[in-house]
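Trainee: In the numbering used here, the protein residues as written are 28 to 544.
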Amino acid sequence: MTDSPADRASIRDRLARPALALAAGTLVGLSMPPWGFWPLAIIGVILFEVALGANPSRRDRMLLGFLFGASWTYLGMFWMIQLTMPGYFIAGLVYGGYHLLAALIAPSGNWRVIGRPAAHTLAEALRFSFPFGGVPLASLGMSQVDGPFMGTARIGGVILITWIVMQLGFALAGPAPGVPGFARRFRPGASGAPHGAIAFLLIVLLVVVAAVAPRGATTGETLRVAAVQGGGKQGTSALDVPSIEVTNRHLDATRLIDPDLDLDLIIWPENTIDTPVFAGSTIHDAITVEAARLGAPIAVGITEERNEGTRRINSQVIVTPDGDITARYDKVRRVPFGEYVPLRGLLEAVGAPLDQIGRDAVAGTGPAYIDLPDGTRLSVVISWEIFFAGRVREGVKEGAEAILNPTNGASYTGTIVQTQQVASSRLRAVETGRWVVQTAPTGFSAVIDSDGKVLQRTAVSEQKVLIDEIELRDGNTWYTNIGDGPIIFALLLTLAASIWFSSDRRNRAGAQPPASA
Numbered sequence: 028m029t030d031s032p033a034d035r036a037s038i039r040d041r042l043a044r045p046a047l048a049l050a051a052g053t054l055v056g057l058s059m060p061p062w063g064f065w066p067l068a069i070i071g072v073i074l075f076e077v078a079l080g081a082n083p084s085r086r087d088r089m090l091l092g093f094l095f096g097a098s099w100t101y102l103g104m105f106w107m108i109q110l111t112m113p114g115y116f117i118a119g120l121v122y123g124g125y126h127l128l129a130a131l132i133a134p135s136g137n138w139r140v141i142g143r144p145a146a147h148t149l150a151e152a153l154r155f156s157f158p159f160g161g162v163p164l165a166s167l168g169m170s171q172v173d174g175p176f177m178g179t180a181r182i183g184g185v186i187l188i189t190w191i192v193m194q195l196g197f198a199l200a201g202p203a204p205g206v207p208g209f210a211r212r213f214r215p216g217a218s219g220a221p222h223g224a225i226a227f228l229l230i231v232l233l234v235v236v237a238a239v240a241p242r243g244a245t246t247g248e249t250l251r252v253a254a255v256q257g258g259g260k261q262g263t264s265a266l267d268v269p270s271i272e273v274t275n276r277h278l279d280a281t282r283l284i285d286p287d288l289d290l291d292l293i294i295w296p297e298n299t300i301d302t303p304v305f306a307g308s309t310i311h312d313a314i315t316v317e318a319a320r321l322g323a324p325i326a327v328g329i330t331e332e333r334n335e336g337t338r339r340i341n342s343q344v345i346v347t348p349d350g351d352i353t354a355r356y357d358k359v360r361r362v363p364f365g366e367y368v369p370l371r372g373l374l375e376a377v378g379a380p381l382d383q384i385g386r387d388a389v390a391g392t393g394p395a396y397i398d399l400p401d402g403t404r405l406s407v408v409i410s411w412e413i414f415f416a417g418r419v420r421e422g423v424k425e426g427a428e429a430i431l432n433p434t435n436g437a438s439y440t441g442t443i444v445q446t447q448q449v450a451s452s453r454l455r456a457v458e459t460g461r462w463v464v465q466t467a468p469t470g471f472s473a474v475i476d477s478d479g480k481v482l483q484r485t486a487v488s489e490q491k492v493l494i495d496e497i498e499l500r501d502g503n504t505w506y507t508n509i510g511d512g513p514i515i516f517a518l519l520l521t522l523a524a525s526i527w528f529s530s531d532r533r534n535r536a537g538a539q540p541p542a543s544a
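Put into structure tokens, the structure is as follows:
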């Protein structure tokens with residue numbers, strides 16, 4: 028018995044829709060750094076809407092949502108393969124599951140055009156905080172740093188940018204953007220949903236408002252800084268390279284700096300010094316010699332022992348030309364399975380290989396800023412803390428006039444993590460209206476202005492010192508003042524309203540009396 032044309036069409040549809048969802052997630056992944064072609068994110072969302080259609084079944088919503096989220100994650104977080112294949116596999120399942128739930132919860136019908144963007148943006152917002160404090164890598168917002176929506180970060184941060192991309196894609200592919208009421212007077216049969224048109228207008232309004240929204244202001248003061256990158260091979264761990272080699276590379280690079288440059292601050296990357304106790308050590312003495320030679324304090328990244336050597340702490344400290352340690356910031360947000368092992372006891376009990384991680388790091392508890400000897404306050408976020416807008420915002424709200432991001436990407440081969448980190452630094456610059464100096468031992472180190480423009484950037488593995496005059500700024504953007512809370516609340520209201528009105532419309536349609544013969 029041969030299949031009928033209808034059966035063959037049904038089979039093609041069942042195969043085509045999952046393929047479209049996979050392609051959609053892949054395009055979103057390709058919109059991320061290092062590939063970074065921002066329109067691909069919108070095209071990916073358009074394809075996802077086409078795959079879903081107006082009224083997908085419960086099973087289809089779950090399958091297509093999962094494929095969309097998982098394919099995006101597996102491409103955007105491909106770097107994880109080098110560190111942990113099981114972790115890479117689990118990450119795709121978890122974050123694919125987030126978009127499965129979003130697709131399942133979002134309404135069908137005409138109200139989907141605003142319900143789906145809200146649901147999938149909330150899935151991303153959840154990823155920023157859960158599990159293990161969040162993993163905001165390969166996020167949709169960082170794909171837009173070279174696009175026209177970047178400025179809206181100063182209004183609502185990366186979550187607002189994520190919603191704009193989602194909303195634009197779903198509206199472009201969803202129900203007709205709208206048939207105004209007056210048009211129906213001339214074309215009684217015209218149909219459409221105004222929700223998409225309203226969303227378009229809101230996006231245009233946000234872009235226009237972002238152009239004139241508060242972005243902080245210059246204090247009239249500058250800071251002449253040197254960002255030191257010692258160089259070296261990537262794809263290495265602390266077990267591969269003795270810590271003193273890393274320290275010596277940065278000392279060598281620092282010794283190349285001309286003392287006549289009249290610097291205000293020299294910045295070393297994260298954990299370039301590993302010692303049981305830094306104060307009074309021979310490395311402390313060597314740093315003091317360089318600070319005295321250059322006539323400026325040095326911000327150095329140190330790793331020290333805690334709890335009689337059973338734990339460690341990751342910090343950035345200020346060493347003056349006199350050798351005094353005048354300020355210290357201890358890293359608060361640790362990298363799960365990098366700096367500490369969640370559920371360590373359980374994982375050890377089942378034989379998980381944890382030897383690469385060793386001692387868990389102690390989490391700091393202080394606010395995200397550090398003060399220079401002259402009183403200048405700088406927001407400091409160590410390494411992956413730059414991916415968390417709230418950490419940077421905390422320091423700026425406390426009066427920080429610029430942002431330092433000492434980091435260490437030496438463990439990663441390739442440039443996926445490094446380019447995504449630069450993109451995140453650019454987002455934090457726009458969100459807060461502050462300049463950012465990012466310093467890494469093997470790249471990328473960068474200087475970024477308050478509009479998110481990369482003024483200087485090193486290459487991978489090279490030894491180089493970036494010298495620049497960064498602008499000190501005060502005043503707050505709207506995002507600095509409000510944070511993520513109001514945006515998330517608005518998204519929850521939008522999703523709830525779309526579900527309510529969609530259900531109410533179906534109920535009213537079901538209650539219609541049958542037409543008389």
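Backbone N, C-alpha and C define an ideal beta-carbon position, used for all residues, glycine too.
For Asp501, collect the residues of the same chain with a Cβ closer than 7 Å to its Cβ; drop the 5 residues on either side in sequence, then sort them by chain order.
Mentor: Position 474 of the sequence shown, counted from the start, is the residue given in the question as residue 501. Cβ neighbours of Asp501 beyond the five flanking positions: Gly243, Ala244, Thr246 and Glu428.
Trainee: What three-state label does DSSP hand Gly123 in the structure shown?
Mentor: Taking the first residue of the sequence shown as position 1, residue 123 is located at position 96. Of the three classes helix, strand and coil, the one that applies to Gly123 here is helix, per DSSP.
Trainee: If you count every other CB in all the chains shown that lies within 10 Å of the CB of Arg404, and 16 or more means buried, which is it?
Mentor: Locating residue 404 in the sequence shown gives position 377, counting from the first residue. Its Cβ being crowded by 16 or more others within 10 Å, Arg404 is buried.
Trainee: What are the residues that DSSP puts in a beta bridge with Tyr356?
Mentor: Taking the first residue of the sequence shown as position 1, residue 356 is located at position 329. Answer by DSSP bridge pairing, in chain order: Gln343.
Trainee: My parser needs the beta strand (DSSP E) runs of 3 or more residues fully inside the segment 235-272; what are they?
Mentor: Here the runs fully enclosed are 244-256.
Trainee: In chain order, what residues of the same chain lie with their CB nearer than 8 Å to the CB of Leu149, ignoring the 5 residues before and after it?
Mentor: Taking the first residue of the sequence shown as position 1, residue 149 is located at position 122. Once the five neighbours on either side are set aside, the close Cβ partners of Leu149 are Ala129, Ile515, Leu518, Leu519 and Leu522.
Trainee: Along the alpha helix (DSSP H) that carries Lys424, what are the first and last residues, could you check?
Mentor: For the purposes of this step, residue 424 is taken as the residue at position 397 of the sequence shown. Element bounds for Lys424: Ala416 to Lys424.
Trainee: Return the first residue and the last residue of the beta strand (DSSP E) that Ala326 is part of.
Mentor: To locate residue 326, count along the sequence shown from 1; it is residue 299. First-last of the beta strand (DSSP E) with Ala326: Ile325 to Arg333.
Trainee: Less than 7 Å between C-beta atoms, sequence neighbours within five positions excluded: which residues of the same chain meet that for Thr442?
Mentor: As a first step, residue 442 must be located in the sequence shown, where it is residue number 415. Result list for Thr442: Pro61 and Val487, in chain order.
Trainee: Run the CB neighbour count on Phe213, radius 10 Å, all protein chains shown included, and call it buried at 16 or more, exposed below.
Mentor: Taking the first residue of the sequence shown as position 1, residue 213 is located at position 186. Unreliable placement is indicated for Phe213, whose pLDDT of 43 sits below 50; the coordinate value is still reported in the next sentence. It is exposed - the Cβ of Phe213 has fewer than 16 other Cβ atoms within 10 Å.
Trainee: Could you name the residues that DSSP lists as bridge partners for Pro363?
Mentor: Position 336 of the sequence shown, counted from the first residue, corresponds to residue 363. Tyr367.
Trainee: Is the distance from the Cβ of Asp387 to the Cβ of Ile186 below 8 Å?
Mentor: Position 360 of the sequence shown, counting from 1, holds the residue named residue 387. Position 159 of the sequence shown, counting from 1, holds the residue named residue 186. Taking 8 Å as the Cβ cut-off, Asp387 and Ile186 do not qualify as a contacting pair.
Trainee: Can you grab the Cα-Cα spacing for the pair Gly92 / Gly365, in whole Å?
Mentor: Mapped onto the sequence shown, residue 92 falls at position 65. Mapped onto the sequence shown, residue 365 falls at position 338. Looking at the two C-alpha atoms, the distance is approximately 29 Å.
Trainee: Can you check whether the CB of Val55 is closer than 8 Å to the CB of Leu131?
Mentor: Taking the first residue of the sequence shown as 1, we reach residue 131 at position 104. Taking the first residue of the sequence shown as 1, we reach residue 55 at position 28. Going by C-beta atoms, Leu131 is not nearer than 8 Å to Val55.
Trainee: For Pro269, does the count of other Cβ atoms within 10 angstroms reach 16, so buried, or fall short, so exposed?
Mentor: Translated into the one-based positions of the sequence shown, residue 269 becomes position 242. Looking at its Cβ environment, which holds fewer than 16 other Cβ atoms inside 10 Å, Pro269 is exposed.
Trainee: Could you pull out every unbroken alpha helix (DSSP H) segment of at least 4 residues lying fully inside the segment 65-128, listed in chain order?
Mentor: 66-79, 85-103 and 107-110
Trainee: If I measure Cβ to Cβ from Arg455 and keep anything under 7 Å in the same chain, skipping five residues before and after, which residues do I get?
Mentor: Taking the first residue of the sequence shown as position 1, residue 455 is located at position 428. Excluding sequence neighbours, Arg455 sits near Ile413, Ala416, Val419, Ile430 and Val463.
Trainee: For Ile300, which of Thr315, Val316, Gly328 and Ala318 has the nearest alpha-carbon?
Mentor: Within the sequence shown, the letter at position 273 stands for residue 300. With distances taken between Cα atoms, Ile300 lies closest to Gly328.
Trainee: Rounded C-beta distance between Gly258 and Glu489? I'm assuming under 8 Å.
Mentor: As a position in the sequence shown, residue 258 is number 231, starting the count at 1. As a position in the sequence shown, residue 489 is number 462, starting the count at 1. Going by Cβ atoms, the distance from Gly258 to Glu489 rounds to 5 Å, so yes, they are a contact pair.
Trainee: Report all residues from its chain with a CB closer than 6 Å to the CB of Thr466; omit the five preceding and five following residues, and keep chain order.
Mentor: Along the sequence shown, read from residue 1 onward, the residue named residue 466 stands at position 439. Only Ala254, Ile294, Pro296, Pro433 and Ser472 meet the Cβ criterion.
Trainee: Could you tell me the alpha carbon to alpha carbon distance between Ser218 and Ser530, rounded to whole angstroms?
Mentor: Within the sequence shown, the letter at position 191 stands for residue 218. Within the sequence shown, the letter at position 503 stands for residue 530. A caution first: Ser218 carries a pLDDT of 49, below 50, which makes its placement in the model unreliable, though a value can still be read off. Taking the straight line from one Cα to the other gives about 20 Å.
Trainee: In angstroms with no decimal places, state the Cα-to-Cα distance between Glu344 and Leu94.
Mentor: By one-based count along the sequence shown, residue 344 stands at place 317. By one-based count along the sequence shown, residue 94 stands at place 67. Contrary to the premise, residue 344 reads as Val rather than Glu in this sequence. Approximately 45 Å between the Cα atoms of the pair.
Trainee: Hey, is the segment 386-402 in contact with the segment 337-354, meaning 3+ C-beta pairs nearer than 8 Å?
Mentor: yes
Trainee: DSSP three-state label for Tyr396, please.
Mentor: Position 369 of the sequence shown holds residue 396. DSSP places Tyr396 in strand when its eight states are reduced to three.
Trainee: Can you give me the Cβ contacts of Ile310 inside the same chain, cut-off strictly under 7 Å, excluding the 5 residues immediately before and after it?
Mentor: Position 283 of the sequence shown, counting from 1, holds the residue named residue 310. Around Ile310: Thr274, Ile300 and Thr302.
Trainee: Please go through the same chain and pick out, in chain order, the residues whose beta-carbon is closer than 7 Å to the beta-carbon of Ser451, but skip the five residues on each side of it.
Mentor: Start at 1 with the first residue of the sequence shown, and residue 451 comes out as number 424. Excluding residues within five positions, the ones whose Cβ falls inside 7 Å are Met169, Ile413 and Phe414.
Trainee: Does the distance from the C-beta atom of Gly119 to that of Ala97 stay below 8 Å?
Mentor: On the sequence shown, residue 119 is found 92 positions in, with the first residue counted as 1. On the sequence shown, residue 97 is found 70 positions in, with the first residue counted as 1. Closer than 8 Å, so yes.
Trainee: Could you pull the DSSP bridge partners for Ser406 from this structure?
Mentor: Position 379 of the sequence shown, counted from the start, is the residue given in the question as residue 406. In the DSSP assignment, Ser406 is bridged to Tyr396 and Ile430.
Trainee: In the DSSP output, which residue or residues are listed as bridge partners for Glu496?
Mentor: Here residue 496 is taken as the residue at index 469 of the sequence shown, counted from 1. According to DSSP, which records beta bridges pairwise, Glu496 is partnered with Arg251.
Trainee: For a test of the three-state rule: what should DSSP assign to Asp279, helix, strand or coil?
Mentor: Residue numbering aside, residue 279 sits at position 252 when the sequence shown is read from its first letter. Three-state result, Asp279: helix.
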